[in-house]
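Enquirer:
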Amino acid sequence: MRRAICPGSFDPVTNGHLDIFERASLMFDEIIISVFHNPGKEKGMFTMEERVVLLREATKHIPNAKVTCFSGLLNEYCKQQNTKFIVRGLRAFSDFEYEFQRALLIKKINQELETVFIMTNAQYSFLSSSGVRELAVFGGDISGLVPESIEGQLKEFIAQKK
């Protein structure tokens, strides 16, 4: 079985993420969408548990996707999940530079791991979780930016945090 991990902070999940998940699901027998704590990023708006809830709802139409969370080294998590593939979405060349360096580091640690880059559709190339968070916090319209199935839930989580 060909399995791949789609790791990220997903704070929150966007339509750009969903686009990558849907396309990755066509390439692999199973995709494991994994929310991870990134100590390099500031504390997120949503807890890991809230992100998992939102992701499960947003991806329930993808039959070969499962949502998990983890902390620690990605290469160790891949071993735990018995996979050799990591899927990363790219919006722009700046994403590629960052992800390329990460992929090389992961490859240095474990030669068996392969990183698969998927370019986002052009309609989502501007889209970021931080932009969605900023819009949502100030009451901006996030429709079309996040999966329709979670828009209401996302707004509820934000209202509870105010």
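Under the working numbering, the first residue of the sequence shown is numbered 8, with each subsequent residue one higher. All C-beta atoms, glycine included, are put in the ideal place defined by N, C-alpha and C. This one's a predicted model, so the numbers in the text were calculated from it and none came from an experiment.
Using three-state DSSP, classify A99 as helix, strand or coil.
Expert: Working through the sequence shown from its first residue, we reach residue 99 at position 92. The answer is coil: DSSP assigns A99 none of H, G, I, E or B.
Enquirer: Which one of V60, G51, I12, D36 has the shortest CA to CA distance from G159?
Expert: By 1-based counting over the sequence shown, the position of residue 159 is 152. The shortest C-alpha separation from G159 is found at V60.
Enquirer: Look at R30 and I125 and say whether their C-beta atoms are less than 8 angstroms apart.
Expert: By 1-based counting over the sequence shown, the position of residue 30 is 23. By 1-based counting over the sequence shown, the position of residue 125 is 118. Cβ atoms of R30 and I125: closer than 8 angstroms.
Enquirer: Among residues of its own chain, excluding the 5 on either side of T127, which ones have a beta-carbon nearer than 7 angstroms to its beta-carbon?
Expert: The residue labelled residue 127 in the question sits at position 120 within the sequence shown. G23, D26, I27, G96, L97, R98.
Enquirer: Quick one: grab the DSSP three-state call for G146.
Expert: Along the sequence shown, one-based indexing puts residue 146 at 139. If DSSP states are grouped into helix, strand and coil, G146 belongs with coil.
Enquirer: What residue does the alpha helix (DSSP H) around K73 start on, and which one ends it?
Expert: Counting from 1 along the sequence shown, the entry for residue 73 is found at position 66. Element bounds for K73: not the alpha helix (DSSP H) but the beta strand (DSSP E), 72-77.
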